[in-house]
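Worksheet for the structure shown next.
Numbering (the working numbering), first residue to last: -17 to 210.
Here you go:
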């Protein structure tokens, strides 16, 4: 069972998450959901990561699920956010990273995994921390509600790895964005797992144990083989 945890961001938003630990830990993962999903959407995948020795923290981004409280402000609702407020969710990711670091997991052992707007947040975060091994992007976009990737993709370090998937035919916007990002990424290891008519974000992997296992194996190998 996941452990319910809470931390406060640098801009005083209370973030709630689910932490799944492992008996023997090779690394950790930060999990960032899509809109309007919540941390619970990662439950099955967290168990698969744990079997590979990867502890994980799935958070409710601000304005979602239980992360609606902020010091001196009305309850937060992401549906009413401006682009600037959506971009401030980066503080949630930074807080999750610091929380995992306090659990004793080294910075070279943490991957970031996101779906839809969470994928964009994950890629942006990867550029902030060149010591991170890599990121997984499910249905990334070039600009989700002001959270852009087209302006930062060139800053991903060559030694960092990126794995992404998107579905053509029913989510061409994400598929086209993934193609663009793959072309612009200048990294040693990048993988684009192309799907067709598979849906958007978590819908692509829900119930697909083989695909979730492939992603988890990639995360394990990326952590274990990482060398700056």
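Positions of the beta carbon are idealized from the N, C-alpha and C atoms, including for glycine.
Predicted model, so just to flag it, every value in this text is computed and none were measured.
Under a Cβ-count criterion, where at least 16 other Cβ atoms within 10 Å of its own Cβ denotes burial, should residue 33 be classed as buried or exposed? Walking along the chain shown from the start, residue 33 turns up at place 51. Classification for residue 33: exposed.
Compute the beta-carbon to beta-carbon distance between residue 37 and residue -1, rounded to the nearest angstrom, for a pair I have assumed lies under 8 Å. What you label residue 37 is simply residue 55 of the chain shown in a count that begins at 1. What you label residue -1 is simply residue 17 of the chain shown in a count that begins at 1. Contact between residue 37 and residue -1 is absent: CB atoms are separated by about 12 Å, not below the 8 Å threshold.
Runs of beta strand (DSSP E) lying entirely within the stretch 21 to 83, each at least 3 residues, in chain order: 36 to 41
Contact check, residue 129 vs residue 108 under 8 Å by CB: the rounded distance? Sequence index remark: in the chain shown, residue 129 carries index 147 (1-based). Sequence index remark: in the chain shown, residue 108 carries index 126 (1-based). Rounded, the Cβ-Cβ distance is 13 Å, inconsistent with contact.
If we require 4 or more residues per run, which alpha helix (DSSP H) segments fall completely within the stretch 91 to 150? 99 to 110
Span of the beta strand (DSSP E), counted from its first residue to its last, around residue 86: Start at 1 with the first residue of the chain shown, and residue 86 comes out as number 104. Neither: residue 86 is in no beta strand (DSSP E) and is coded neither H nor E.
Count the other CB atoms, across all protein chains shown, that sit within 10 Å of the CB of residue 191; report buried if there are 16 or more and exposed otherwise. Here residue 191 is taken as the residue at index 209 of the chain shown, counted from 1. Residue 191 is exposed by the Cβ-count criterion.
Do residue 146 and residue 157 have their beta-carbon atoms positioned less than 8 Å apart in this structure? Position 175 of the chain shown holds residue 157. Position 164 of the chain shown holds residue 146. No, they are not a contact pair.
Quick check on the DSSP output: the alpha helix (DSSP H) that includes residue 193 runs from which residue to which? Mapped onto the chain shown, residue 193 falls at position 211. Annotation for residue 193: the continuous alpha helix (DSSP H) segment containing it runs 191 to 207.
Use the C-beta contact count for residue -16: other C-beta atoms within 10 angstroms, 16 or more gives buried, fewer gives exposed. As a working note, residue -16 is residue 2 in the chain shown. Per the 10 Å Cβ criterion, buried.
Buried versus exposed, by CB contacts within 10 Å (16 or more), residue 102: Counted from its first residue, the chain shown places residue 102 at position 120. It is buried - the Cβ of residue 102 has at least 16 other Cβ atoms within 10 Å.
Which same chain residues, not among the five before or five after residue 30, have their C-beta less than 7 Å away from its C-beta? Locating residue 30 in the chain shown gives position 48, where the first residue counts as 1. Within its own chain, the residues whose Cβ lies closer than 7 Å to the Cβ of residue 30, once the five positions on either side in sequence are excluded, are 194, 195, 198, listed in chain order.
When you compare the CB positions of residue 15 and residue 43, do they come within less than 8 Å of one another, or not? Within the chain shown, residue 15 is the residue found at index 33, counting from 1. Within the chain shown, residue 43 is the residue found at index 61, counting from 1. In this structure, residue 43 lies closer than 8 Å to residue 15 by Cβ.
State the beta-bridge partners of residue -12 as determined by DSSP. Position 6 of the chain shown, counted from the first residue, corresponds to residue -12. Answer is -2.
Sorted by chain position, which residues of the same chain lie with C-beta nearer than 8 Å to residue 168's C-beta, five sequence neighbours on each side aside? Within the chain shown, numbered from 1, the residue matching residue 168 stands at position 186. Beyond the five residues adjoining it in sequence on each side, residue 168 comes within less than 8 Å, by CB distance, of 136, 138, 140 in the same chain, given in chain order.
Considering only the alpha carbon of each residue, which of -13, 67, 86, 51 lies closest to residue 6? Reading the chain shown from its first residue, position 24 is the one you call residue 6. Cα-wise, what sits closest to residue 6 is 86.
Residue 134: which of 175, 27, 83, 105 sits nearest, CA to CA? To locate residue 134, count along the chain shown from 1; it is residue 152. Looking at 175, 27, 83, 105, the one whose alpha-carbon comes closest to that of residue 134 is 105.
Coil, strand or helix - residue 11 by DSSP: Your numbering for residue 11 matches position 29 in the chain shown. In the structure shown, residue 11 sits in a strand (DSSP, three-state: E or B).
Closest Cα partner of residue 60 within the set 131, 126, 202: The residue given as residue 60 occupies position 78 in the chain shown. Ranking the options by Cα distance to residue 60, first place goes to 126.
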